[in-house]
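In what follows, a structure is listed as structure tokens, so that the remarks can point back to it.
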Amino acid sequence: MSDIPLLDVRGFGLEFRTRSGVVHALENVNLSIRKGETVGLVGESGSGKSVLSYALLGISDRAARVTGGSAVFGGLDMLKAGEGALAEIRGREISMIFQNPRTALNPIRRVGAQIEDVLARHATVRKVDRRARAIEALRQVNIPDPERRHAAYPFELSGGMCQRVVIALALACRPALLIADEPTTGLDVTTQAGIMDLIRERAAETGMATLFITHDLALAADHCDRIAVMHAGHVVEEGPTAALFAAPRHPYTAQLIRATPAAGVALDALAAIPGNLPDLRRDDLPVCRFRARCERATAACDAALPPISAGTGHNVACHHPRADADRASGAHAPMSVAAA
Ligand SMILES: Nc1ncnc2c1ncn2[C@@H]1O[C@H](COP(=O)(O)OP(=O)(O)O)[C@@H](O)[C@H]1O
Ligand code: SF4
Ligand SMILES: [Mg+2]
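FYI, in this note's numbering the residues of the sequence shown are 3 to 342.
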């Protein structure tokens, strides 16, 4: 795995100007993803995961305003690139899968034709070869009888099948980076595992990097090389999956892990974290946005947060991170990680 990041996000901030005030959605976000790596971005609903992924693709809401930072992909700062350059990158070098596959597909166009459209737009595939390539793409995502399914409309397929078609669409141009935002939420556990295995297999084959966004820590534990934990628009901790579970350093990460049952168990566990996310419209947001929920808070926590470096180590943005000596009692890891 190369040490040079494929995507390097530094000091990224974004806010929304709304009628009810400014939403300070992201602040000083650092995140890096290397070629072939699967990075999980984990946090409660409303923590800013989707806002970050949309911003990276240049498809933010019109109310969004970048307040600082950079997001370099292949030498280009995507936050400063024009729409033309971003449109070139989207769908060809960076693909995205969203939560609801049905909204990602055109309901009145056959799925095979939709894949051929992507090939026509982004890949140098001759017209006569497109049908075969589309069928091959369906086969690669384990859609049975792909020749027949090529002619199916989305409504003729199950939710899991539709998500496989969306993955086929996303992977048709062999992107260097896949951003998958809650790609399996709403699917049953077996289908979830199948979809995740599929993404991982295809990533291993092509060296594709994946940013896997989820509120399900156990799922991230099973499928990611590294995990970044997001809380209220901050990345609070980031590190190799095993290290993060064995010795979480930020109190929020520790609470998330305690609230997470074994992998594969359906959970709505993040509701079990005490307290709520702060209102991101507040102008007097505390320096550490976890402060009101934190059992370790002291007066020192009102000073600027220690910056979290985006690298290969295990990093934390906290004034009182858990030290090595505290770790013996350790938070429990989901079984799949403990057994690894
Ligand atoms: N278009 C928008 N206008 C104002 N606020 C927004 C907009 N989109 C998202 N937000 C706010 O940004 C925060 C992060 O949202 P989001 O990224 O969707 O969370 P997540 O994906 O982690 O569940 C939330 O407080 C949400 O209300
Ligand atoms: S900086 Fe302070 S308040 Fe914030 S998480 Fe760390 S100990 Fe808690
Ligand atoms: Mg989201």
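Heads up, the beta-carbon is just placed ideally off N, CA and C, and yes, glycines get one too.
- Query: Sorted by chain position, which residues of the same chain lie with C-beta nearer than 8 angstroms to G127's C-beta, five sequence neighbours on each side aside?
  - Reply: First, the residue type needs correcting, since residue 127 is Val and not Gly in the sequence shown. Correct list, in chain order: L121 and R135.
- Query: What does the shell around ligand 1 hold, if a residue joins when its beta-carbon is under 6 angstroms from any heavy atom?
  - Reply: F18, T20, V25, A27, G45, S47, G48, S49, G50, K51, S52, V53, D63, A65 and L282
- Message: Please tell me whether G277 and R295 are closer than 8 angstroms, where the distance is taken between their beta carbons.
- Response: yes
- Query: Does at least one heavy atom of ligand 2 sit under 7 angstroms from the Cβ of L279?
  - Reply: no
- Message: I need the straight-line Cα distance from S322 to G38, nearest angstrom please.
- Response: Per the sequence shown, residue 322 should be read as His rather than Ser. About 33 angstroms.
- Message: Check whether the region 164–172 and the region 46–55 are in contact - that is, three or more C-beta pairs closer than 8 angstroms.
- Response: no
- Per-residue DSSP class, three states only, for L8: strand
- Query: How would you call D183, buried or exposed, if buried means at least 16 neighbouring beta carbons within 10 angstroms?
  - Reply: buried
- Inter-stretch contact at 8 angstroms, needing at least 3 Cβ pairs: the region 238–247 / the region 186–201: no
- Message: Between R293 and ligand 2, is there a pair consisting of the residue's CB and a ligand heavy atom that are separated by less than 7 angstroms?
- Response: yes
- First and last residue of the beta strand (DSSP E) that includes T40? T40 to V44
- Check whether the Cβ atoms of E17 and H236 lie closer than 8 angstroms to each other. no
- Item | Candidates G76, A57, Y254 and V74, of which the one nearest R67 by Cα | A57
- What first and last residue would you give for the beta strand (DSSP E) that runs through I137? Element bounds for I137: not the beta strand (DSSP E) but the alpha helix (DSSP H), K129 to Q142.
- Task: Assign T216 to buried or exposed, taking buried as 16 or more other Cβ atoms, counted over all protein chains shown, within 10 Å of its Cβ.
- Result: buried
- Does DSSP classify S2 as helix, strand or coil? Within the shown structure, residues of the chain are numbered from 3 to 342, placing residue 2 beyond reach of any answer.
- Message: Under DSSP, the alpha helix (DSSP H) around E202 begins and ends at which residues?
- Response: Just to set this straight, residue 202 is Arg in the shown sequence, not Glu. From DSSP, the alpha helix (DSSP H) with R202 extends over V191 to T208.
- Query: Can you list the alpha helix (DSSP H) stretches of 4 or more residues lying completely in the region 227–253, in chain order?
  - Reply: 243–248
- Go ahead and pull the three-state DSSP assignment for V339. Residue placement at V339 is poorly supported in this model, since its pLDDT is 35, which falls under 50; the coordinates still yield a value, given next. V339 falls in the helix class under three-state DSSP.
- Task: Tell me, please, which residues DSSP counts as bridged to I2.
- Result: The question about residue 2 has no answer, for the chain in this structure spans 3 to 342.
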